[in-house]
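Undergrad: Here's a structure for you.
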Amino acid sequence: MARHIAVSFENEIIKIVYASLKSGNLIIKKTLVLKNEEFDDFLKNENARHFIVIYDFKSFYQDILLLPPVKKSYIKDIIKTEIRKRSPEFKDFSFFYEMLGEKMHEGRKVYELFVFAVNNDDLSNITDRFERAGKRVLAIYPPAFATAQIVKTSYVSDEPLLYVVETMSSKILFLMKDGHFYFTRDAQSFESGIHDIDVQSINMTINYCRQTLRLVPSKAILIGNACSKYETTMDLLLPVMCIELPPNIIAPREVISDFIIPLSAILNIKGMTYINLLPDSYRNLYKQKTILSYYTLLFLILSVAGLGYIKMQYSDIAAMKKQIELLRSEIRNMDITSSYETKKNEFDKVIPLINFLNTINTSADIQKALIELSSIKEFNKKDLNISSIDMSSVGDKVHIKLNGSVIAANFTAMQKDYQELISAIKKVEGMETIADKIDIKSKDFQIELRYGKK
């Protein structure tokens, strides 16, 4: 039974859930509601070391990006560049993205992605608070994306839907279609349920979705305590319904509604790894600590085993040592030793000649490698610029390093020209590609080759 603790930061109030997953059911063990100033003492007194965090960020970046259909390994670098270009205040940040699909834009096929980013300073403020108490944060999720795990198990539609969930100080609204995220926003609200101020916020969000995102929500779906009251004199622009709470959460209905956000973060842990905002530096630190602890444990085990083995074999080693000493004394008296030394001296005289002949027969043919390279017609393309060629002999092979750049108007053309060059090189008999890389920002590339007879 996996036991988890989820901590939801909701303005100055912090909600905590202790729960366990067993056979697909989420069993709630305990819940707490703390003030912000009480939380540090809670961490010091809590025995558990690992926590899942849901944080209601007030400053974040979100957008829908259209990217050319490039390799998946390039997508994150392109997204980082786009975020820095569109929002200069985001310099050091963590982000995740969700692929919405492919579409035609201005006559070209593009990827459509939803992107969400948070400054690493804000994330470090969260992790530092736990670190001071000797605790570790396993994941950081925005509340809308955590709550979406409830939505995906209860109510998903191919039509755009606007979902509403409440925290202690706001209503969180988010737009989904086909289970994918398109938009989220916080609207200040201090009363539980839906009131006039909430209807205004929902109607404004509906108009934004229509005008900016070109998506028209078909319903407003209320989650948890947002369904507790509906006291308003204003008309909502959409039909309203309450979502059914998942039957696999074992707890009283009021508890589920009150703690719906932290519960959502535990409900589908394995399916939420891609929306984890923990900075890479924090993750890498704990990876290194884990590896170091495993190596330390392995070293201790091997040391104990080695000492035990040495102790068991000590008598055999002592007897073997005496036998070796006897053999050494006998060898010293053998005439074969002097015969061996004489023949070795004679052999040493001809070794330089042998090495010279071997060098002549195995030297690499640099001239032939140059001829083979010049036969590759892709080098003559105007979109390719070879800035340098370094060649050196390594045994019977020629080691070649090509440096250059691709002069292309877009990422697709750059990738096409580069892959054609690599393919042409691989077709040359005796030419072997050791490594190749291309920088998608500067469009510079470096290719390492090995040429020689097979």
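Numbering (the working numbering), first residue to last: 9 to 462.
Ideal placement from N, C-alpha and C gives every residue a C-beta, glycine not left out.
Assuming the contact rule is C-beta atoms closer than 8 Å, Tyr-63 and Phe-17 should be a hit. Round their C-beta distance to whole Å, please.
TA: Indeed, because the Cβ distance is near 5 Å, the residues count as touching under 8 Å.
Undergrad: Assign Ser-178 to one of two classes, buried (16 or more other C-beta atoms within 10 Å of its C-beta) or exposed (fewer than that).
TA: It counts as buried.
Undergrad: Is it the case that the segment 276-289 contacts the segment 166-174, given that we only count it when at least three CB pairs across the two stretches are under 8 Å?
TA: No, they do not touch.
Undergrad: Can you look up Lys-171 in the DSSP assignment and give me helix, strand or coil?
TA: Reading the sequence as shown, one finds Tyr at residue 171 and not Lys. Strand at Tyr-171.
Undergrad: Which residues in the same chain as Ile-442 place their Cβ atom closer than 7 Å to its Cβ, once the five residues preceding and following it in sequence are excluded?
TA: Cβ neighbours of Ile-442 beyond the five flanking positions: Glu-456, Leu-457, Arg-458.
Undergrad: Could you work out which residue in Arg-94, Pro-260, Lys-424, His-113 is closest to Lys-451 when comparing CA atoms only?
TA: Cα-wise, what sits closest to Lys-451 is Lys-424.
Undergrad: Can you find the residues in the same chain that come closer than 6 Å, C-beta to C-beta, to Thr-192, ignoring five residues on each side of it along the sequence?
TA: The residues are Ala-152, Phe-182.
Undergrad: Which whole-angstrom value is the C-beta distance of Lys-52 and Val-41, which I expect to be below 8 Å?
TA: Their Cβ separation, rounded to whole angstroms, is 18 Å, which puts Lys-52 and Val-41 out of contact at 8 Å.
Undergrad: Less than 8 Å separating the beta-carbons of Ile-397 and Ile-415?
TA: Cβ atoms of Ile-397 and Ile-415: not closer than 8 Å.
Undergrad: So, helix, strand or coil for Thr-89, using DSSP?
TA: Three-state result, Thr-89: helix.
Undergrad: Exposed or buried, Lys-8, counting other C-beta atoms within 10 Å across all chains shown (16 or more means buried)?
TA: Residue 8 lies beyond the stretch modelled for the chain, which goes from 9 to 462, so this question has no answer here.
Undergrad: Using 8 Å as the Cβ pair cut-off and three pairs as the minimum, do the segment 113-130 and the segment 214-224 touch?
TA: No: fewer than three Cβ pairs fall under 8 Å.
Undergrad: Please confirm whether Ser-16 has its beta-carbon closer than 8 Å to some beta-carbon of chain B.
TA: Although the question refers to chain B, the structure presented lacks it and comprises just one protein chain.
Undergrad: Are there 16 or more other CB atoms within 10 angstroms of the CB of Met-320, so buried, or fewer, so exposed?
TA: So Met-320 counts as exposed.
Undergrad: Assuming contact is defined by CB atoms lying nearer than 8 Å, are Ile-87 and Ile-158 in contact in what I supplied?
TA: No. Outside cutoff.
Undergrad: Since Ala-14 and Ala-273 should fall inside the 8 Å C-beta cutoff, what is the C-beta to C-beta distance between them, to a whole number of angstroms?
TA: The pair is a contact, with the Cβ atoms about 5 Å apart (cut-off 8 Å).
Undergrad: What is the DSSP secondary structure of Arg-137, reduced to helix, strand or coil?
TA: The answer is helix: DSSP assigns Arg-137 an H, G or I state.
Undergrad: By the 10 Å Cβ neighbour count, where 16 or more other Cβ atoms means buried, how is Glu-380 classified, buried or exposed?
TA: Classification of Glu-380: buried, given that the 10 Å Cβ count is 16 or more.
Undergrad: Hey, Ile-229 and Met-249: beta-carbon distance below 8 Å or not?
TA: In contact: Ile-229 and Met-249 (Cβ atoms closer than 8 Å).
Undergrad: Alpha carbon to alpha carbon, how far is Asn-211 from Asp-194?
TA: Between Asn-211 and Asp-194, the C-alpha separation is close to 13 Å.
Undergrad: By a C-beta neighbour count over all protein chains shown, 10 Å radius and 16 as the cutoff for buried, is Asn-292 buried or exposed?
TA: By the 10 Å Cβ count, Asn-292 comes out exposed.
Undergrad: On the premise that Thr-240 lies in contact with Ile-264, defined as a C-beta separation below 8 Å, what is that separation, rounded to the nearest angstrom?
TA: About 24 Å separates the two Cβ atoms, so there is no contact after all.
Undergrad: Among the residues of its own chain, which have a CB less than 8 Å from the CB of Thr-8, if the five just before and after it don't count?
TA: A question about residue 8 goes unanswered here, because the residues of the chain that appear run from 9 up to 462.
Undergrad: Tell me the rounded alpha-carbon separation between His-12 and Ala-56.
TA: The straight-line gap from Cα to Cα measures roughly 9 Å.
Undergrad: Compute the distance between the beta-carbons of Leu-246 and Ile-214, then report whether it is under 8 Å.
TA: In this structure, Ile-214 lies closer than 8 Å to Leu-246 by Cβ.
Undergrad: Any heavy atom of the ligand ADP within a distance shorter than 7 Å of the CB on Val-207?
TA: Inclusion of the ligand ADP in the displayed structure is not the case, the ligand content being empty and no account of it being possible.
Undergrad: Provide the residue span of the beta strand (DSSP E) that contains Ala-443, from first to last.
TA: Residues 439-446.
Undergrad: Find out if the Cβ-Cβ distance for the pair Leu-146, Ile-60 is shorter than 8 Å.
TA: Taking 8 Å as the Cβ cut-off, Leu-146 and Ile-60 qualify as a contacting pair.
Undergrad: May I ask you to report which of helix, strand or coil DSSP gives Tyr-163?
TA: Looking at Tyr-163 - three-state DSSP - the assignment turns out to be coil, as it is neither helix nor strand.
Undergrad: Along the chain, where does the beta strand (DSSP E) that runs through Arg-193 open and close?
TA: It spans 188-196 - the beta strand (DSSP E) in which Arg-193 sits, taken as one unbroken run.
Undergrad: If you draw a straight line from the C-alpha of Phe-198 to the C-alpha of Ile-446, how long is it?
TA: Spanning the two alpha carbons is a distance of roughly 52 Å.
Undergrad: If contacts are defined as beta-carbon pairs under 8 Å, then Thr-89 and Lys-449 qualify, I think. What distance do you get, rounded to the angstrom?
TA: Yes, Thr-89 and Lys-449 are in contact; Cβ-Cβ is about 7 Å, under 8 Å.
Undergrad: Contact defined as beta carbons within less than 8 Å: I believe Gly-187 pairs with Val-164. What is the distance between those atoms, to the nearest angstrom?
TA: Correct: roughly 5 Å between the Cβ atoms.
Undergrad: Comparing alpha-carbon positions, which option in Arg-94, Asn-256, Ser-226 lies nearest Leu-34?
TA: Checking every option, the nearest Cα to that of Leu-34 belongs to Asn-256.
Undergrad: List the DSSP bridge partners of Lys-30.
TA: Looking at the DSSP assignment, Lys-30 forms a beta bridge with Asn-33.
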